[in-house]
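> Dumping the structure here so I can ask a few things about it.
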Amino acid sequence: MIGLDFDGTLAPIVPDPADARVAPEAAAALVRLGGLVGAVAIVTGRPAATAIEYGRVPGGPGLADVPGLVVLGQYGLERWEGGQVTSPPPPPGVERVRAEAPALVASLGFTLTDGAEPGVTLEDKGRAVAVHTRRAPDPEGTLRALREPLAKLAAETGLAVEPGRLVLELRPPGMDKGHALGAFLAERAARSVLFAGDDLGDLAAFEAVRLSGLPGVTVCSASTEVTELARRADVVVDGPAGVAALLTALADALPPRAAS
Numbered sequence: 001m002i003g004l005d006f007d008g009t010l011a012p013i014v015p016d017p018a019d020a021r022v023a024p025e026a027a028a029a030l031v032r033l034g035g036l037v038g039a040v041a042i043v044t045g046r047p048a049a050t051a052i053e054y055g056r057v058p059g060g061p062g063l064a065d066v067p068g069l070v071v072l073g074q075y076g077l078e079r080w081e082g083g084q085v086t087s088p089p090p091p092p093g094v095e096r097v098r099a100e101a102p103a104l105v106a107s108l109g110f111t112l113t114d115g116a117e118p119g120v121t122l123e124d125k126g127r128a129v130a131v132h133t134r135r136a137p138d139p140e141g142t143l144r145a146l147r148e149p150l151a152k153l154a155a156e157t158g159l160a161v162e163p164g165r166l167v168l169e170l171r172p173p174g175m176d177k178g179h180a181l182g183a184f185l186a187e188r189a190a191r192s193v194l195f196a197g198d199d200l201g202d203l204a205a206f207e208a209v210r211l212s213g214l215p216g217v218t219v220c221s222a223s224t225e226v227t228e229l230a231r232r233a234d235v236v237v238d239g240p241a242g243v244a245a246l247l248t249a250l251a252d253a254l255p256p257r258a259a260s
């Protein structure tokens, strides 16, 4: 079974999250791998349908063309499979965060932007709200200043804060990529697993690989922004381009699956 994060792993990190798109080479490799391995799953904090939409490749195969693909979105709260999305209703705390986060950011002296100008960007994920500082004049300083106030708001609304690459995401607690991946491995009775990620949220998936007891490989899509993941990975590659090259090499090396 092959599991992958989306942003920073299959798609390059970009200033505006809405501009993220899967690397065509990665999509093409996954289309091949879908017929060679037991299962392919994308485990992401994005809404599942968004990952599929941003996984389209003009003139070529996209993520929706991967045989048997499952997308576990919102850290496993949503599931895309066979063109259908299933999910529980969003918790009420998300609605409060959606309403109060803009004023909170502004009260701290930061400019909100829709991505066209420098500033802090709010991404509404439906069941979570992500606060991005990548476009701020001082991204790291802005992230530090927002961390405590956003953690307080999350605590008041019964949500958890998930840190990432210049982003703080307020989302329902109790679900992470480790839980999502572990449950999927059990569901599919996987016999081996490879998981690739790029960010701190992927550490839980790395741990799920270890705890599964299966033959497993963890892959870090390396960046200068996050170094801890590389220290915990079995294999380190150079960003999404490196992930695409690894997936292509796997597709070249694996034999066809025997008919059942």
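Just so you know, the sequence shown maps onto residues 1 to 260 in the UniProt record's numbering. The beta-carbon is built from N, C-alpha and C at its ideal position, and this holds for glycine as well.
Relative to the alpha-carbon of Gly76, which residue among Thr218, Ala101, Pro58, Ala48 has its alpha-carbon at the smallest distance?
With distances taken between Cα atoms, Gly76 lies closest to Ala48.
> Extract the residue ranges of the beta strand (DSSP E) inside the stretch 167–226, only unbroken runs of 3 or more that lie entirely within it.
Counting only runs of 3 or more, we get 167–171, 193–197, 216–221.
> Identify whether Val22 lies in helix, strand or coil by the three-state DSSP scheme.
Note: Val22 maps to coil in three-state DSSP.
> Going by DSSP, what residues sit across from Asp124 in a beta bridge?
BP columns for Asp124 point to Val129.
> Assuming contact is defined by CB atoms lying nearer than 7 Å, are Ala222 and Val236 in contact in what I supplied?
Going by C-beta atoms, Ala222 is nearer than 7 Å to Val236.
> Express the C-alpha separation of Ala155 and Ala128 in angstroms, rounding to a whole number.
Their Cα atoms are separated by approximately 14 Å.
> What residue ranges within the stretch 12–98 form continuous beta strand (DSSP E) runs of no fewer than 3 residues, ordered along the chain?
Within the stretch 12–98, the complete beta strand (DSSP E) runs of at least 3 residues are 40–43, 70–73, 78–81, 84–86.
> Ignore the nearest five residues each way along the sequence and tell me which others in Gly93's own chain have a CB closer than 6 Å to its CB.
Thr157, Gly158, Leu159.
> For Val70, which residues of its own chain have a beta-carbon under 8 Å away from its beta-carbon, when the five flanking residues on both sides are left out?
Counting only Cβ-Cβ distances below 8 Å, and skipping sequence neighbours, we find Ala39, Val40, Ala41, Ile42, Arg79, Trp80, Glu81, Phe184.
> Hey, would you say Leu72 sits closer than 7 Å to Ala27, going by beta carbons?
Against a cut-off of 7 Å, the Cβ pair of Ala27 and Leu72 comes out as no contact.
> Going by the C-beta, is Ala251 closer than 6 Å to any heavy atom of the ligand ZN?
For the ligand ZN, the structure offers nothing, since it holds no ligand at all.
> Excluding sequence positions up to five away, which residues of its chain have a Cβ less than 8 Å from the Cβ of Leu112?
The answer, listed in chain order, is Pro102, Val105, Ala106, Gly119, Val120, Thr121, Leu122.
> For Lys177, is the classification buried or exposed, using 16 other Cβ atoms within 10 angstroms of its Cβ as the cut-off for buried?
Lys177 should be labelled buried.
> Please classify Asp252: does DSSP put it in a helix, a strand, or coil?
It is helical.
> Rounded to a whole number of angstroms, what is the C-alpha to C-alpha distance between Gly34 and Glu117?
If you take the alpha carbons of Gly34 and Glu117, they lie about 40 Å apart.
> Whole angstroms are fine: how far does the CA of Ala130 sit from the CA of Glu53?
Whole-angstrom Cα-Cα distance: 19 Å.
> Can you give the Cα-Cα distance for Leu4 and Gly55, rounded to whole angstroms?
Distance between the alpha carbons of Leu4 and Gly55: 13 Å.
> First and last residue of the beta strand (DSSP E) that includes Gly164?
Counting along the chain, the beta strand (DSSP E) containing Gly164 begins and ends at 160–164.
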